[in-house]
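Chains as they are written, first to last, in the working numbering: chain Z, 1 to 395; chain A, 1 to 156.
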Amino acid sequence: MVSSSCGHTFCSLCVRRCLTLETICPSCRAPLTESELYPNRLIDSILRSFKSGRQQLLDALTKPLPRTTSLGEKTHCATCSKRGLGEDRRSGPFHGAAEQRKRLRMNTRSTTRAMECQSSSSDMPASCGVELTASEIDEVGSSDLDISQAMVEDDSDFMPERNDSGIDSGQNSRQRPKKTLLRGASAASNDSVACPNCHQDVRQSRINWHLDRCLAGKLSPEPRTESGISQAETINASSNKPNARNISLRLQSQPSKFTLPRPTKLVYSLLSESKLRRILKELGLPTKGDKYQMKARHVEWVNMYMANADAENPVSHKILLKRLAEWEESLAKPADAAAKTQTAATPDSWAEYEAKHADDFAALIAQASASQKRASARTDITVGVSASQGERQTG
Amino acid sequence: MSSVTKRLLKELQDIRKDLTDELLSLGPVDDEDLLQWHAVLRGPQETPYQGGLFRLRIDIPEEYPIKPPTLTFATPVCHPNVHFETGEICLDILKSQWSPAWTLTSTCLAVHVLLANPEPSSPLNCDAANLLRCGDFVGYSSLVSMYTHIFAGQIQ
Chain Z
1 MVSSSCGHTF
11 CSLCVRRCLT
21 LETICPSCRA
31 PLTESELYPN
41 RLIDSILRSF
51 KSGRQQLLDA
61 LTKPLPRTTS
71 LGEKTHCATC
81 SKRGLGEDRR
91 SGPFHGAAEQ
101 RKRLRMNTRS
111 TTRAMECQSS
121 SSDMPASCGV
131 ELTASEIDEV
141 GSSDLDISQA
151 MVEDDSDFMP
161 ERNDSGIDSG
171 QNSRQRPKKT
181 LLRGASAASN
191 DSVACPNCHQ
201 DVRQSRINWH
211 LDRCLAGKLS
221 PEPRTESGIS
231 QAETINASSN
241 KPNARNISLR
251 LQSQPSKFTL
261 PRPTKLVYSL
271 LSESKLRRIL
281 KELGLPTKGD
291 KYQMKARHVE
301 WVNMYMANAD
311 AENPVSHKIL
321 LKRLAEWEES
331 LAKPADAAAK
341 TQTAATPDSW
351 AEYEAKHADD
361 FAALIAQASA
371 SQKRASARTD
381 ITVGVSASQG
391 ERQTG
Chain A
1 MSSVTKRLLK
11 ELQDIRKDLT
21 DELLSLGPVD
31 DEDLLQWHAV
41 LRGPQETPYQ
51 GGLFRLRIDI
61 PEEYPIKPPT
71 LTFATPVCHP
81 NVHFETGEIC
91 LDILKSQWSP
101 AWTLTSTCLA
111 VHVLLANPEP
121 SSPLNCDAAN
131 LLRCGDFVGY
141 SSLVSMYTHI
151 FAGQIQ
C-alpha cells in the first residue's frame, strides 16, 4: 500500500495504473505524481494481520462455542480468546473428548501469542516467540494439562491457583510477555498430578506422555502420540506466523539471483517500433506484438516493477514476469470471448456440437439425398416427357 | 481473474450494505455477463421526480475502473441533462471527471443527485433546459411530473 501526498492510501499497483493515465489523485483529484507516493508500512501490517486472522475471527463469530469457560471470559479480551478459539478449531490433531482441556490450553496459548504480537509489533529485536525451546513448550503444555485438570475438578479452584502462580522461578527475568507465558508453566512445576482421564498420579513431566497413552486406549483415532513435539511445532508455527513468514519472504527476496534492470518511463511517441522492441529486450521482457502491445506491456511492467519495489516483501522478478504474462492473458481473453460470441462457436465447440447432433445430421443428410434422388428422378421423367413431346412436335 | 472481474465481484459483495432508499437495486443483468448491470433509482423526494422509479442500464468497459462505465436511463426521463430518447446522461464524472475511486454504487447515487440538481447550461434536453433557463419552474416541474407519472410511475 502507498500513501499519496494528499493523504489517501491506495494499492500501489492500482494507483500507478491510474497515474499513467492522469496525474491526479483518484480520491480527491489533487495533482499527484508517482514520485509523491510513499509506502505505508502500517497499513501493510494491519492488512497482513487482518488477513491472517480473518478466517479465525469469522469462524469464531459464526460458530459460537456451546459453552465458553469462565476462564476464557475472565482472563482474556474478546479478540484474544476468539483468536485462540479459532486456532483451536483449526488445529487438526486435537479433537474429541479432551476438547475442553484443549480449549483451555489454547486460551493460554493465545495469551502468549497476543503478547508476542505486542512485542513484535513494537519492533523488539527478538520476540519471545522465537526463543521458545521445545522443553519450555513442553512445560507450557503440561501446565495446560494441570490447568485443565483443575478445571475439570472444580472451576473455581482455578483462579487462585493462577494468581498464586505469579511467584515465578528465575525465568521471569525475561521479557514481560514471557512472564505471562511462564506464569502458567511455573504453576505446573510441582511434582505429580492426577491424570484427568484415569486419576492416576503421574509426574508432571510425564503427564503428556501418560495422557497420550491413556487417551489412546479410549480414543484410538486421536493421533496424539508425539504431542510434545507436535505441540512445540504447532506453537512455533502458529505463534510465530508473521515473523516466520516475514523472515522466509525476506530470505527469498533478498538474494534474488534473477534481477531485471529497473525500467524507466518512456515517451512512446518518440520511439520507433524497433527501438521499443530493443528496450523491451534489454529489460528482459517479451518482444512479441506490435508497437501498441509493446507499449502497453512496458507501461504495465513499469507499474508492476515500481509497485513491487514498494511492497514490504518484494517478490522475485521471475514471479513478476509471470504476473505480467498473466495480466496480458487476462487482457487477451475478453477479446477472445467477444470473438467467440461473434462467430458463435470455436472449432472445439463445433466438434462437440457435431458429435452431439450426429444422428440429426445423418438423418438430414439421408433426407436430403432422398429428396435429391426424387428430384432427379422427376427431372428425368420430365426431361423424358418433354423430349418425347418434342419428338412428337417435330414428328 | 482479470482485474475488472475482481473489482466488480468486490463491488457486488459490497452492494448489499450499500443499498439505500434512493438506490433500490443494483446488480448484473444475468449471471453470465458481469459487464452488463442494471439499477433502479427512486425519484428524489421534493422534486418533480418524486414517486417515480427509474431504471438505469449500466455498460461496463473491459478497462473498468480505469475507464468509466456507461450509464443510460432505460426509463424515459425528462431532464435537462438526459437525452429523452436514448437515455444518455450528461454528467462530468461519467466522462472527463471519472476517477477509479468511484464505484458503481456511488456513480448511481451521483445520477440520483443529478436528478435533483439539473445543470441547464449543458443540456441534452433543450426544452426542459430552456424552461429552467427562463426561470419557469412551475412549467418545468409540471412537465417533469407528467413524464414521471407517465413513464416512471408504472414500474413496481
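We put the CB at the ideal spot given by N, CA and C, even for glycine.
Nearest candidate by alpha-carbon position, reference residue i, set the options
i	options	result
residue 297 of chain Z	Z:29, Z:277, Z:367	Z:277
residue 198 of chain Z	Z:37, Z:215, Z:208, Z:191	Z:215
residue 316 of chain Z	Z:14, Z:268, Z:28, Z:261	Z:261
residue 32 of chain A	A:15, A:46, A:5, A:86	A:5
residue 284 of chain Z	Z:310, Z:291, Z:322	Z:322
residue 148 of chain A	A:21, A:41, A:10	A:41
residue 62 of chain A	Z:362, Z:332, Z:374, Z:213	Z:332
residue 83 of chain A	A:104, A:119, A:125	A:125
residue 305 of chain Z	Z:320, Z:287, Z:291	Z:320
residue 295 of chain Z	Z:310, Z:314, Z:270, Z:309	Z:270
residue 265 of chain Z	Z:210, Z:58, Z:2, Z:19	Z:19
Residue i versus residue j: straight-line alpha-carbon distance, rounded
i	j	result
residue 55 of chain A	residue 113 of chain A	15 Å
residue 437 of chain Z	residue 30 of chain A	Outside the displayed range of chain Z (1 to 395) lies residue 437 of chain Z, so it cannot be described from this structure.
residue 10 of chain Z	residue 24 of chain A	29 Å
residue 43 of chain A	residue 68 of chain A	23 Å
residue 57 of chain A	residue 99 of chain A	20 Å
residue 207 of chain Z	residue 193 of chain Z	8 Å
residue 186 of chain Z	residue 204 of chain Z	Its pLDDT being 43, under 50, residue 186 of chain Z is placed unreliably in this model, and the coordinates cannot settle the point.
residue 111 of chain A	residue 91 of chain A	8 Å
residue 108 of chain A	residue 364 of chain Z	52 Å
residue 17 of chain A	residue 267 of chain Z	44 Å
residue 34 of chain A	residue 15 of chain A	14 Å
residue 123 of chain A	residue 94 of chain A	15 Å
residue 49 of chain Z	residue 80 of chain A	50 Å
residue 300 of chain Z	residue 17 of chain Z	7 Å
residue 47 of chain Z	residue 2 of chain A	22 Å
residue 131 of chain A	residue 150 of chain A	20 Å
residue 219 of chain Z	residue 52 of chain Z	Note that residue 219 of chain Z scores a pLDDT of 45, beneath 50, so its modelled location is shaky; the value from the coordinates is reported in the next line. Computed Cα separation, rounded: 32 Å.
residue 290 of chain Z	residue 25 of chain Z	31 Å
residue 10 of chain A	residue 288 of chain Z	33 Å
residue 22 of chain Z	residue 303 of chain Z	14 Å
residue 272 of chain Z	residue 329 of chain Z	25 Å
residue 280 of chain Z	residue 60 of chain Z	50 Å
residue 209 of chain Z	residue 56 of chain Z	30 Å
Range of the contiguous alpha helix (DSSP H) that encloses residue i
i	result
residue 24 of chain Z	Where residue 24 of chain Z is concerned, there is no enclosing alpha helix (DSSP H), given that its DSSP letter is neither H nor E.
residue 105 of chain A	104 to 116
residue 14 of chain A	3 to 18
residue 138 of chain A	137 to 147
residue 201 of chain Z	That residue, residue 201 of chain Z, is in no alpha helix (DSSP H); its beta strand (DSSP E) goes 201 to 203.
residue 54 of chain Z	41 to 62
Residue range of the beta strand (DSSP E) that includes residue i
i	result
residue 73 of chain A	70 to 73
residue 161 of chain A	With chain A represented from 1 up to 156, any question about residue 161 of chain A goes unanswered, as that position is not in the structure.
residue 213 of chain A	Chain A is shown only over 1 to 156; residue 213 of chain A falls outside these bounds and no answer can be derived.
residue 58 of chain A	53 to 59
Cβ shell of residue i (< 8 Å), same chain only, five flanking positions each side left out
i	result
residue 162 of chain A	Residue coverage of chain A in this structure runs from 1 to 156, which leaves residue 162 of chain A outside it and unanswerable.
residue 87 of chain A	57, 72, 73, 74, 75, 76, 77
residue 36 of chain Z	4, 5
residue 22 of chain A	41, 42, 44, 109, 112
Whole-Å CB distance - residue i paired with residue j, under 8 Å assumed
i	j	result
residue 152 of chain A	residue 52 of chain A	3 Å
residue 312 of chain Z	residue 54 of chain Z	At roughly 18 Å, the Cβ-Cβ gap does not stay under 8 Å, so residue 312 of chain Z and residue 54 of chain Z are not in contact.
residue 307 of chain Z	residue 12 of chain Z	4 Å
residue 104 of chain A	residue 37 of chain A	6 Å
residue 101 of chain A	residue 274 of chain Z	Not quite, the Cβ-Cβ distance comes to about 39 Å (not below 8 Å), so this is no contact.
Same chain only: Cβ atoms within 7 Å of residue i, ignoring 5 sequence neighbours per side
i	result
residue 145 of chain A	48
residue 359 of chain Z	none
Cut-off 6 Å between Cβ atoms - residues of its own chain near residue i, not counting five sequence neighbours on either side
i	result
residue 116 of chain A	44, 47
residue 201 of chain Z	192, 194
residue 50 of chain A	43
residue 141 of chain A	48
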